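K.L.:
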Amino acid sequence: MPPGTAHARLAAGPRAAYRRAVQIRPATASDVPVLLDMMEDFNRIEQIPWKRADGEAPLRTLIGSPDLGLVGLCERGGSPAGYFILTWGFDLEWGGRDAFLTELYLRPELRGLRLGEPALRAALTLARERGARAIHLMVRTDNEPALRLYRRAGFLAPPRVLLTRPLS
Ligand SMILES: CC(C)(COP(=O)(O)OP(=O)(O)OC[C@H]1O[C@@H](n2cnc3c(N)ncnc32)[C@H](O)[C@@H]1OP(=O)(O)O)[C@@H](O)C(=O)NCCC(=O)NCCS
Numbered sequence: 439m440p441p442g443t444a445h446a447r448l449a450a451g452p453r454a455a456y457r458r459a460v461q462i463r464p465a466t467a468s469d470v471p472v473l474l475d476m477m478e479d480f481n482r483i484e485q486i487p488w489k490r491a492d493g494e495a496p497l498r499t500l501i502g503s504p505d506l507g508l509v510g511l512c513e514r515g516g517s518p519a520g521y522f523i524l525t526w527g528f529d530l531e532w533g534g535r536d537a538f539l540t541e542l543y544l545r546p547e548l549r550g551l552r553l554g555e556p557a558l559r560a561a562l563t564l565a566r567e568r569g570a571r572a573i574h575l576m577v578r579t580d581n582e583p584a585l586r587l588y589r590r591a592g593f594l595a596p597p598r599v600l601l602t603r604p605l606s
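Residue 559 in the numbering used here sits at position 121 of the sequence shown, with consecutive numbering throughout.
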């Protein structure tokens, strides 16, 4: 494991509780089925219309394309505990690469145990290590645990509204 990487720091960091709590590693193609299971629940919570059959190909593309982003798999005791997804953008406002945390998810039985914090910390570290200067995310206004986690980690709402238009 290369020293100084997020993975290495999580494994060797001083906070033993976190080390026991959750380990993060880049997802591989063999993790796709378990990731799709978790993504089904994530998109249901987020009320995003999403179909497993349509989601698999872009997930495989992302896992195989570090230039697009990365998928982090969270494990606890060797079992899948959750995941996060980072994708890269480029914004002159931030002087270069920025990151979008498009998904952060823990399995239902592992929520409320403060495992979100080390998972989020790993996502921020990995984004920084890959050159991102800022990180963005969207969160539902009624998702109180997520809002509290993100605010505690320093996320702020800019005085702008995100607008989206499909291009298909
Ligand atoms: C959002 C998520 C990653 C947070 O991780 P977590 O480990 O469960 O969060 P924590 O245990 O650290 O709790 C976060 C905060 O929410 C509070 N909280 C926990 N459960 C809560 C609940 N049911 N209602 C209100 N607040 C709650 C905690 O007290 C804590 O607040 P504090 O930091 O002010 O003390 C996790 O709950 C999850 O995966 N949820 C489902 C997917 C999701 O919503 N992802 C985010 C989409 S943007």
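Ideal Cβ placement from N, Cα and C applies to all residues, glycine included. Predicted, not measured: the structure shown is a model, and the values here were computed from it.
Quick check: is any heavy atom of ligand 1 less than 6 Å from the C-beta of residue 577?
P.N.:
Residue numbering aside, residue 577 sits at position 139 when the sequence shown is read from its first letter. Yes; taking the cut-off as 6 Å, the Cβ of residue 577 has a heavy atom of ligand 1 nearer than that.
K.L.:
Here's the rule: buried if 16 or more other CB atoms are within 10 angstroms of the residue's CB, otherwise exposed. What is residue 576?
P.N.:
Along the sequence shown, read from residue 1 onward, the residue named residue 576 stands at position 138. Looking at its Cβ environment, which holds fewer than 16 other Cβ atoms inside 10 Å, residue 576 is exposed.
K.L.:
Grouping DSSP H, G and I as helix and E and B as strand, with all else coil, what is residue 593?
P.N.:
Taking the first residue of the sequence shown as position 1, residue 593 is located at position 155. Reduced to three states, the DSSP call for residue 593 is coil.
K.L.:
Quick check on DSSP: helix, strand or coil for residue 525?
P.N.:
Translated into positions along the sequence shown, residue 525 becomes position 87. Of the three classes helix, strand and coil, the one that applies to residue 525 here is strand, per DSSP.
K.L.:
Check whether the Cβ of residue 550 sits closer than 6 Å to any heavy atom of ligand 1, and report yes or no.
P.N.:
Along the sequence shown, one-based indexing puts residue 550 at 112. Result yes, Cβ under 6 Å from ligand 1.
K.L.:
Indicate the three-state DSSP secondary structure (helix, strand or coil) for residue 615 in the structure shown.
P.N.:
With the chain running from 439 to 606 in the structure shown, residue 615 is simply not present.
K.L.:
Under a three-way DSSP split, which group does residue 468 fall into?
P.N.:
In the sequence shown, residue 468 corresponds to position 30, counting from 1. If DSSP states are grouped into helix, strand and coil, residue 468 belongs with the helices.
K.L.:
If you measure from the CB of residue 554, is any heavy atom of ligand 1 nearer than 6 Å?
P.N.:
Reading the sequence shown from its first residue, position 116 is the one you call residue 554. Yes, the Cβ of residue 554 comes within 6 Å of a heavy atom of ligand 1.
K.L.:
Distance check for residue 580 and residue 485, CA to CA, integer angstroms please.
P.N.:
Within the sequence shown, the letter at position 47 stands for residue 485. Within the sequence shown, the letter at position 142 stands for residue 580. Looking at the two C-alpha atoms, the distance is approximately 12 Å.
K.L.:
What do you reckon, is the C-beta of residue 587 under 6 Å from a heavy atom of ligand 1?
P.N.:
For this step, residue 587 is matched to residue 149 along the sequence shown. True, at least one ligand heavy atom lies under 6 Å from that Cβ.
K.L.:
Who are the near neighbours of residue 591 in its chain, counting only those whose CB is closer than 6 Å to its CB and skipping five residues on each side?
P.N.:
Mapped onto the sequence shown, residue 591 falls at position 153. Excluding sequence neighbours, residue 591 sits near 558.
K.L.:
Starting from residue 553, follow the beta strand (DSSP E) in both directions and report where the run begins and ends.
P.N.:
Position 115 of the sequence shown, counting from 1, holds the residue named residue 553. Where residue 553 is concerned, there is no enclosing beta strand (DSSP E), given that its DSSP letter is neither H nor E.
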